[in-house]
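Going by this note's numbering, the sequence shown opens with residue 1054, and the numbers climb by one from there.
For every residue, glycine included, the Cβ atom is placed at its ideal position computed from N, Cα and C.
Working notes, structure below.
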Amino acid sequence: MTVTFNHTIIASKDRHASARFFRELFELPEAPSWGPFVNVLLDEGVILQFAEPPVDIQMQHYAFLVDDDLFDRAYGRLVEQGIEHWADPQMRRPGETNTEHGGRGVYFKDPAGHAIEIITRPYL
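Printed below as a string of structure tokens:
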């Protein structure tokens, strides 16, 4: 049997705002949601399930592989909205993108404070 990634629950302060942020950033349509989750559907059936747990949210890192055209549009939205971003995960190169691993990448935080990375080429 093959192994594929299916879904993950992402803690958020406002599940609707977090889901909307990702839908708008990645140009995704609304997806069916249920219970405590607001869902975002990615390619290959992968679901991001945003929930509001009654705990302090610990920052997590989520990386998304996109094509060059979507990278350009998503990066443009980050800049247009004044979202602080960096070329590196240590946040030492503000306002830049990187050209690591033969592609481009950028780091920023989502509405819940999670570290988000967008890359155009996989690391492996």
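Here the alpha carbons of SER1065 and PHE1090 stand approximately 10 Å from one another. Comparing alpha-carbon positions, the option among TYR1176, PHE1075, MET1054, ASN1059 lying closest to ALA1165 turns out to be PHE1075. DSSP places ALA1070 inside the alpha helix (DSSP H), whose first and last residues are 1068–1079. PHE1124 places its beta carbon less than 8 Å from that of ILE1171.
Residue state for ALA1127 is assigned as helix, using DSSP reduced to three classes. In the three-state scheme derived from DSSP, where H, G and I count as helix and E and B as strand, VAL1132 is classed as helix.
The residue from TRP1139, GLN1111, THR1173 with its alpha-carbon nearest to that of GLY1155 is THR1173.
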